[in-house]
Amino acid sequence: MSERTRWSQVRAADPAFADAVAARFDAGTNKVLATLRADGSPRVSGTELVIGERDVTLGMMPHSLKARDVVRDPRVAIHSPTLEPPADLTTWEGDAKLAGRLVPIPKPADQTGPDGLYFALDINEVVLTRMAESADELLVESWHLDRGRETRRVS
15 MSERTRWSQV RAADPAFADA VAARFDAGTN KVLATLRADG SPRVSGTELV IGERDVTLGM
75 MPHSLKARDV VRDPRVAIHS PTLEPPADLT TWEGDAKLAG RLVPIPKPAD QTGPDGLYFA
135 LDINEVVLTR MAESADELLV ESWHLDRGRE TRRVS
């Protein structure tokens, strides 16, 4: 398997940021996976994933449409569970996104479910969007292997 960007690299580069992103993904079971259909249009599907010490991994039923998409074109984006923001927006913890390529991996040893296709994410981008100290601005924090962490404020 060729070298890929792993979750452990994100965590090593910026532990607090990685913890905040992982917390957003752990806020609920169902995440949203965006894949590319054969005609290039987007497909969004529900998925579950595991953010482990080393990798972000997920599985799929082998004949599902999203699996066919990924086998054809492994580029994906994954959005954390969408939770209703609280009335006091300054306490909103935000949402997170991961983007990259899904790389096939063997079925994890601890996986007891049905056979399927299993993947690890080769990470291109990690994004955390949340409110700034005041509810007047969004903080958009992103991480890229070649640039590290960047923060933008959006009014």
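Quick note, the sequence shown lines up with residues 15 to 169 if you use our numbering.
Heads up, the beta-carbon is just placed ideally off N, CA and C, and yes, glycines get one too.
Since the structure is predicted, the reported quantities are computational estimates derived from the model, not experimental observations.
- [ ] Can you grab the Cα-Cα spacing for the pair residue 41 / residue 50, in whole Å?
- [x] 26 Å
Task: Neighbour-count burial assignment, residue 61, 16 or more Cβ in a 10 Å radius - done: buried
- [ ] Kindly indicate which three-state DSSP category residue 143 falls into: helix, strand or coil?
- [x] strand
TODO: Helix, strand or coil for residue 48, going by three-state DSSP, please let me know.
DONE: strand
Open item on the list: Strictly by DSSP, which residues pair up with residue 90?
Closed with: 114
Task: Length of the line joining the Cα atoms of residue 109 and residue 93 - done: 8 Å
Task: Contacting residues, own chain, Cβ-Cβ under 8 Å from residue 66 (five flanking each side not counted) - done: 21
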